[in-house]
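Colleague: Supplied in structure tokens, the structure appears directly below.
2 protein chains.
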Amino acid sequence: MARSMMIETRNTRQKNAIRAAFIETGRPLSPEEALHYAQQKVRNLSIATVYRNLKAMVEEGSLVPVQFPGESTRYEASGKAHHHHFWCNGCKRAYELEGCVPKLSLKLPRGFRSLGHELVLYGMCAACAPSYAS
Amino acid sequence: MARSMMIETRNTRQKNAIRAAFIETGRPLSPEEALHYAQQKVRNLSIATVYRNLKAMVEEGSLVPVQFPGESTRYEASGKAHHHHFWCNGCKRAYELEGCVPKLSLKLPRGFRSLGHELVLYGMCAACAPSYAS
DNA sequence: CTGCGTGCAAATGCTTTGCAAAGAC
DNA sequence: GTCTTTGCAAAGCATTTGCACGCAG
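If you're matching them up, the sequences are chains G and H in order.
By the numbering used here, the letter at position 89 of the first sequence is numbered 89, and the numbering carries on one by one without gaps.
By the numbering used here, the letter at position 11 of the second sequence is numbered 1011, and the numbering carries on one by one without gaps.
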């Protein structure tokens, strides 16, 4: 089923700028965030192009979508080790967390088969936490 | 900060039908799912009314929003013990799971403060799993 | 050159809102 | 009877798509 060769795509300034945004920030980005970062390199980059490239990169396998409650889809570079995320309620940014839970011992109903899991921690990141500590 | 008394709302057939959908299914429902269930009791119920009531019930505190990757927001009855969810990739339904992970030992970056977590297991529910076992 | 990728604007599709009529109390 | 809630249709928004032009290969 899996396509052995990814579809060839051209290297455009727009695509490179978008790709760079993910590499340089190292955290999941929303289409809007990706647009902002990439626009620093390609000024008149349009949001439509960002959406098209995000979609293409997901299909190619270089990005994976990540979702946080009540937020639009974020995307992050693929190929990383199994990990989870931290969502900052202050700056509304997603961060990557190393590691995973020791073992998932949740009771599954009879006949249910689990194939994976997703875990998100919520709170305040280092930059936002102090404002609550005053 | 917390409002000591919830806002009074009238008991309409529509509202009761929507509320019943959550009680009777016992699982998180999307606005569309809630509409379908409730329409069995109130035939010409409109989706706008469902949205309005879901929003009102969340504000009242009787429902809480739950989100699953790539899916529109689901809602479930509030007041339940801490629990997590199972997402069936087959029927695209959310189920409630009892229990939680023993302890979360994820490394948080310096200064990050965690206030909560969310865990979702993915797979096939009892009804959908057999079709993959053939 | 050839044709894919882009920007713009129009088109979706889900969710919200305005308004007159129906219904709760 | 009064004031909230509803259904319908229109409005909003984020995302997607059509199209002619520009650029990569």
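Glycine included, C-beta positions come from ideal geometry on N, C-alpha and C.
Find out if the Cβ-Cβ distance for the pair Leu1035(H), Ile1047(H) is shorter than 7 Å.
Modeller: Position 35 of the second sequence, counting from 1, holds the residue named residue 1035(H). Position 47 of the second sequence, counting from 1, holds the residue named residue 1047(H). Yes; because the gap between Cβ atoms is below 7 Å, this pair is in contact.
Colleague: Using Cβ-Cβ distances below 9 Å, what residues of the region 1106-1120 of chain H are close to chain G?
Modeller: Listed in sequence order: Leu1106, Lys1107, Leu1108, Pro1109, Arg1110, Gly1111, Phe1112, Arg1113, Ser1114, Leu1115, Gly1116, His1117, Glu1118, Leu1119 and Val1120.
Colleague: Since Ile18(G) and Ala38(G) are thought to touch, with beta carbons under 8 Å apart, how far apart are those beta carbons, to the nearest angstrom?
Modeller: Working through the first sequence from its first residue, we reach residue 18(G) at position 18. Working through the first sequence from its first residue, we reach residue 38(G) at position 38. That belief holds up - the Cβ atoms of Ile18(G) and Ala38(G) are roughly 5 Å apart, short of 8 Å.
Colleague: Starting from the N-terminal side, write out each stretch of the beta strand (DSSP E) that is 3 residues or longer and does not extend beyond the region 1066-1132 of chain H.
Modeller: Within the region 1066-1132 of chain H, the complete beta strand (DSSP E) runs of at least 3 residues are 1074-1077, 1084-1088, 1094-1097 and 1113-1124.
Colleague: Return the Cβ separation of His84(G) and Tyr95(G) in integer angstroms, given the expectation that the two are a contact with Cβ distance under 8 Å.
Modeller: The residue you call residue 84(G) lines up with position 84 of the first sequence. The residue you call residue 95(G) lines up with position 95 of the first sequence. About 10 Å; that fails the 8 Å criterion.
Colleague: Per DSSP, what kind of secondary structure is Leu1045(H) in: helix, strand or coil?
Modeller: Sequence index remark: in the second sequence, residue 1045(H) carries index 45 (1-based). Coil, per DSSP.
Colleague: Quick check: what's the CA-CA separation for Ser1134(H) versus Thr1009(H)?
Modeller: Counted from its first residue, the second sequence places residue 1134(H) at position 134. Counted from its first residue, the second sequence places residue 1009(H) at position 9. For Ser1134(H), the predicted model reports a pLDDT of 43, less than 50, meaning its position is unreliable; a value from the coordinates is still stated below. The alpha-carbon atoms of Ser1134(H) and Thr1009(H) are separated by roughly 51 Å.
Colleague: By the criterion of Cβ-Cβ separation under 7 Å, what are the contact partners of Glu1032(H) in chain G?
Modeller: For the purposes of this step, residue 1032(H) is identified with residue 32 of the second sequence, where counting begins at 1. None at all; the shortest Cβ gap to chain G is about 18 Å.
Colleague: With DSSP as the reference, please indicate the residues paired to Leu1029(H) in a beta bridge.
Modeller: By 1-based counting over the second sequence, the position of residue 1029(H) is 29. Its beta-bridge partners are Tyr1075(H).
Colleague: What does a CB cutoff of less than 7 Å around Glu1098(H) pick up in its chain, not counting 5 residues either side in sequence?
Modeller: Counting from one through the second sequence, the residue named residue 1098(H) turns up at place 98. The residues are His1083.
Colleague: Quick one: list the residues of chain H neighbouring His84(G), beta-carbon separation under 7 Å, in chain order.
Modeller: Counting from one through the first sequence, the residue named residue 84(G) turns up at place 84. The contacting residues are Leu1106.
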